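Here is the structure we will look at.
4 protein chains.
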Amino acid sequence: MAKQQKEKYSDFGLGDKPVSEGYRALNKDGSFNIKKINIPFFEGLNFFHSLVTMKWSHFFGFILIGYFIANLFFATIYSIIGVENLTGTEGMNPFEQFMEAFFFSAQTITTLGYGRVAPIGLPANIVAATESLLGLLSFALATGLLYGRFSKPNARIRYSDKAVIAPYQGINGFMFRVVNPQKNQLLEVEVSVSLSMKRENSELRNFYSLDLERSKVVFFPSLWTVVHPIDTSSPMYNLANEDLSKKDVEFIAMLKAFDESSGQMMYSRSSYKASEIVWGEKFVYIAKPENGKLTIDVSRINESEKAALNNQ
Amino acid sequence: MAKQQKEKYSDFGLGDKPVSEGYRALNKDGSFNIKKINIPFFEGLNFFHSLVTMKWSHFFGFILIGYFIANLFFATIYSIIGVENLTGTEGMNPFEQFMEAFFFSAQTITTLGYGRVAPIGLPANIVAATESLLGLLSFALATGLLYGRFSKPNARIRYSDKAVIAPYQGINGFMFRVVNPQKNQLLEVEVSVSLSMKRENSELRNFYSLDLERSKVVFFPSLWTVVHPIDTSSPMYNLANEDLSKKDVEFIAMLKAFDESSGQMMYSRSSYKASEIVWGEKFVYIAKPENGKLTIDVSRINESEKAALNNQ
Amino acid sequence: MAKQQKEKYSDFGLGDKPVSEGYRALNKDGSFNIKKINIPFFEGLNFFHSLVTMKWSHFFGFILIGYFIANLFFATIYSIIGVENLTGTEGMNPFEQFMEAFFFSAQTITTLGYGRVAPIGLPANIVAATESLLGLLSFALATGLLYGRFSKPNARIRYSDKAVIAPYQGINGFMFRVVNPQKNQLLEVEVSVSLSMKRENSELRNFYSLDLERSKVVFFPSLWTVVHPIDTSSPMYNLANEDLSKKDVEFIAMLKAFDESSGQMMYSRSSYKASEIVWGEKFVYIAKPENGKLTIDVSRINESEKAALNNQ
Amino acid sequence: MAKQQKEKYSDFGLGDKPVSEGYRALNKDGSFNIKKINIPFFEGLNFFHSLVTMKWSHFFGFILIGYFIANLFFATIYSIIGVENLTGTEGMNPFEQFMEAFFFSAQTITTLGYGRVAPIGLPANIVAATESLLGLLSFALATGLLYGRFSKPNARIRYSDKAVIAPYQGINGFMFRVVNPQKNQLLEVEVSVSLSMKRENSELRNFYSLDLERSKVVFFPSLWTVVHPIDTSSPMYNLANEDLSKKDVEFIAMLKAFDESSGQMMYSRSSYKASEIVWGEKFVYIAKPENGKLTIDVSRINESEKAALNNQ
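Protein chains in written order, with our numbering: chain A, 1043 to 1354; chain B, 1043 to 1354; chain C, 1043 to 1354; chain D, 1043 to 1354.
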């Protein structure tokens, strides 16, 4: 028994001291309200992570600025060497000449190489040969990153905005719904739900891993109502509606699945605080047959109706 | 016992309400007869999934059209800037000039850059430098997608067209056959089979996960006859031939394996309805020694012969 | 008990009928002596598998020939259109002109584009624009394949040439050795060993999965002696030396590991027939300390010495 | 019981003979003090592993040198064919002509192709067409390697410099701390700890796998104190401070996690010798609430304070 308690306690690496009343450990978007400080700059640096997780607009901005700066840099070098070492330049004044060098650099770094302007002599040729190598390697990296970002399973699992406490098989259950709004097939989907709440007469928090009616499905073609039955073994047993906010509960859900399109595992997270839990309602059935297909109305995922709870 | 029932029930995320008589949840090709509606456009969008799963002809069509439109777009811009900003153009009339701009664009976006035609002056150079960057990034994406599509394990597992109910070790068994027709080695192959059938006097359906004689093989070099023994613990126990269609059964099979060529997991699915199940036949043995090799005649995978069933 | 028998029987998907006396199901190199016939051409086709598993020399030959044929094809088209649509050609006779077209094609398909020769007019430009697109896509595929081949964990696990029956903890054991000769770190290494032998008075074969002293190691930095203890539960219990060839035994080993360099799972297979098993010898210890390091002499992996077996 | 002993013994593939007093099997950086000798050159060769694990400076050096040598090689060939087969060369003396050939080669291998210099005639064209193909394939490989290196989860888990023996739930525990200093999310993190120590009155070593308070966490957003409770089942039970060095203990830790950014598994290893273990101290709590976030001061990961141990 003690063993089991320990295991229940140990499922999430979130620490057991509360930050403040109403503190949310896991945000709705799956990020954590945790900050690590005093990390040496180079130890904390993870270019790959940043480049893969930044917004697309930032990513393209980053590439564009990098491209501009690289060309500026090489144009400066060609100008220092002397634009007369580039054949075919037609610039009359320093600015026009710099522009010729700039666009020659762009044609070199992309390995475009029209050749209207071309390097002549040792110094210009050395710089151009180096620049084209650098260009190939940089775009190699950009190629990989672009595809890495694009192929990353983006885990747009939609969770119902609220969870409910509803009647379930003679007792009651804690329930929320998940749906994959996209067309990619998710397989071997596993859900785990954890409950964090304040200990009685203490500032500390307990963490519990909740038993689920089912924690794994082989296919996930439609909608899944995740259910934690509130039986005598549940840490929610004997809790009343008002206890949820008093104990400052937080339900933390994690969903893990194999994404068939990308061939990768994907993870999704969300959480429910007391204010997002409705007591005594049940979710409405939103699947119906239509033209020989089972049709799921995803827009009704949050729809619930009053339901008398069982006494426990 | 109740626990076990629940687990058996919970294996597939397919809902328990029937759509119509004879409804097939899983099509032969592994897709589901399920439709999700009212999904906001951007939430449902998954470019990667679409580009990876569309037919090859559509994929190449998509690239070709994209290439054409991009060149049209940039040719228009070069025309607006003025074709006189492209050296070496030989177009006599507007159409010919536009064509020169169009093919100059093609030579720029592919970073081909013959240089017979080349940009001169600030505006044309800016556009060309941008276009070549765009070209590199677009082809980077196409590179990744092309390889992603090509390397995806394509799971061409062949299932026997029909399943049989045949004698098996003193009792009877539900059996079908699978073969990997390709040369790639599949390892650690797991099969799971689920049965969906109508409840008595109810519109609802039950789902059962079926126990198999073996559910995992380490190697899969030849043919595998998947067997569900119909013993007393089977939901098929005491069912007669005519019950299959009366209860509108659907057997759903999933096969999961590690594909050694691609280093990825692959999944395959199929299903059998009552009309695809033959009562009282057994599959014919189709392996024979030949020149020191075990030879499997894949074309005979569906071959079966009469076999007296055991009484149960 | 019956249950356990079944599981032992079911571990390998190799069929239970013998091909011939001395038949080897699994070759030393990990391939199977199994042939699938009568597979429709397109169903059996797996370009990816072929291109990833063929020899490097064949792979490069394939690319070289493809490159040559593509250029031949496009050179023919340019010749049909007329070489006068390529500026700068200097060919005097048809052969020289064809050569100009050929090398112009090579410069186009690689997006090299020197521009000494360049297309002029609609037809030549259309072909060149198409060819460069085709070139980009083809080299995209080649890029992916080349890297896919190169990064594939190549599983050069070395197995001892022979296995031994040696004394082991008061009883005897079946043992062979494995070593990873390369510098890449293998982690979470799992070995499974299966025994196939003829049934008494029957042509059929039994398959047994053998219990191992240890079947998994977290690290695999050095040498591993895989041991199957021949205790009363072993199918080898009470077998004598001469039974091995009489029963035409085949030991099939599979090793599975995570390859840290490539981040992929790798699999390796090998087998031992009766003639490769030495009765009453044990492997020699080949690790010794040297300059504070544990030094393993890999060349001595097969070294064994006489050892008196325990009576059982 | 005997069974369990065997399992405990068998967890790590490190051999059981000591190298020397104070020998460290696993270095702090995760490499092993093990050397494999007498491996045939080609069998031990693993280009991929070397290219993926070498330092970035070496990797770029390798590419740069390869680029230089390739150009030197092709420049020599063009010189042998005769620089007069390259149009537009302006070199006056042999050195200048070789330089023209060298940079022409660079423009060809990168598919830059300015065209100021271009091949003419059969021999030069054949070499140039081959070189550009070779260039495309080489840079394809470099592309893959560059991205493979860049996307590899780099496992910069930081382990506390020392481990402590601290009071734990009425008994004592062996503890160390781990933190992920980077922003990438690690999921399903598993830790295993093994203890190697000298047998009494023997030169041989025993290996034990240690039970942990928790061996897996679903999330790893902050800090984890890994705890082995020293209860009666622990191999450390009844050991005193001075026994640690007498028995020449080595604690070997492995951490395994799914890296969400790269979608790959990552592994990290470290070890503690007797001199790195502090007896009778406990780690200081270094998380505190700040602006509604839990703030972890990573720089204080090694901070510990005196703590009276429980008697056992």
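No residue lacks a Cβ here, since even glycine has one placed at the ideal position from N, Cα and C.
Please read all numbers here as calculations on a predicted model, not as lab measurements.
Chain B contact for residue i (CB, 7 Å cutoff)
i	result
residue 1148 of chain A	yes
residue 1169 of chain A	no
residue 1049 of chain D	Any reading at residue 1049 of chain D needs caution, since the residue's pLDDT is 37, under 50, leaving its predicted position unreliable; the model's value is listed next. Closer than 7 Å: no.
residue 1088 of chain C	yes
residue 1291 of chain A	no
residue 1094 of chain C	yes
residue 1295 of chain C	no
Nonlocal neighbours in the same chain, by C-beta distance under 7 Å from residue i, ignoring five residues either side
i	result
residue 1226 of chain D	1301, 1302 and 1303
residue 1222 of chain A	1199, 1228 and 1262
residue 1153 of chain B	1174, 1177 and 1178
residue 1321 of chain D	1207 and 1283
residue 1155 of chain D	1149
Interface residues of chain B facing residue i [CB-CB closer than 9 Å]
i	result
residue 1339 of chain A	1078, 1079 and 1080
Beta strand (DSSP E) segment containing residue i, residue limits
i	result
residue 1310 of chain B	1306-1315
residue 1213 of chain A	1213-1221
residue 1081 of chain A	Run containing residue 1081 of chain A: none; DSSP gives neither H nor E here.
residue 1210 of chain B	1205-1210
residue 1239 of chain C	1228-1240
residue 1225 of chain B	Unbroken run through residue 1225 of chain B: none, as it is neither H nor E.
Chain-ordered neighbours of residue i on chain C, where CB pairs are closer than 8 Å
i	result
residue 1157 of chain A	1156 and 1157
Test: residue i CB closer than 7 Å to a CB of chain A
i	result
residue 1269 of chain D	no
residue 1109 of chain D	yes
residue 1139 of chain D	no
7 Å Cβ cutoff, residue i in contact with chain C
i	result
residue 1202 of chain B	no
residue 1091 of chain D	yes
residue 1320 of chain B	no
residue 1233 of chain B	no
residue 1129 of chain B	no
residue 1084 of chain D	no
residue 1180 of chain D	no
Within chain C, partners of residue i - CB distance below 7 Å
i	result
residue 1153 of chain B	1153
Limits of the alpha helix (DSSP H) - the one that residue i falls within
i	result
residue 1276 of chain C	Neither: residue 1276 of chain C is in no alpha helix (DSSP H) and is coded neither H nor E.
residue 1191 of chain A	1164-1193
residue 1330 of chain B	Per DSSP, residue 1330 of chain B belongs to no alpha helix (DSSP H); it is in the beta strand (DSSP E), 1329-1332.
residue 1121 of chain D	1098-1123
Within-7 Å CB hit, residue i to chain G
i	result
residue 1335 of chain A	This model lacks chain G altogether; the protein chains it does include are A, B, C and D.
Nearest to residue i (by Cα), restricted to the options the options
i	options	result
residue 1112 of chain C	D:1171, D:1095 and D:1224	D:1171
residue 1219 of chain D	D:1275, D:1327, D:1125 and D:1098	D:1327
residue 1078 of chain A	D:1350, D:1349, D:1348 and D:1343	D:1343
residue 1103 of chain A	A:1065, A:1298 and A:1184	A:1184
residue 1190 of chain D	C:1348, C:1305 and C:1297	C:1305
residue 1093 of chain A	A:1087, A:1278 and A:1101	A:1101
residue 1352 of chain B	B:1266, B:1215 and B:1180	B:1215
Contacts around residue i, its chain only, beta-carbon distance under 6 Å, and the 5 residues preceding and following it disregarded
i	result
residue 1240 of chain A	1247, 1289 and 1290
residue 1341 of chain D	none
residue 1278 of chain D	1272
Interface flag, residue i vs chain D, CB-CB below 7 Å
i	result
residue 1306 of chain A	yes
Contact set between residue i and chain C, taken where Cβ atoms lie within less than 9 Å
i	result
residue 1277 of chain B	Chain C residues near residue 1277 of chain B: none, gap ~20 Å exceeds 9 Å.
residue 1010 of chain B	Absent from the structure is residue 1010 of chain B, since the part of chain B shown begins at 1043 and ends at 1354.
Interface residues of chain D facing residue i [CB-CB closer than 8 Å]
i	result
residue 1194 of chain A	1305
8 Å Cβ shell around residue i - same chain, five flanking residues per side excluded
i	result
residue 1169 of chain B	1116, 1119, 1120, 1123 and 1161
Where residue i meets chain B, residues with beta-carbon distance less than 7 Å
i	result
residue 1185 of chain C	1185
7 Å Cβ cut-off: residues of chain D touching residue i
i	result
residue 1120 of chain C	Near residue 1120 of chain C there are no residues of chain D at all, since even the closest Cβ is about 15 Å away, more than 7 Å.
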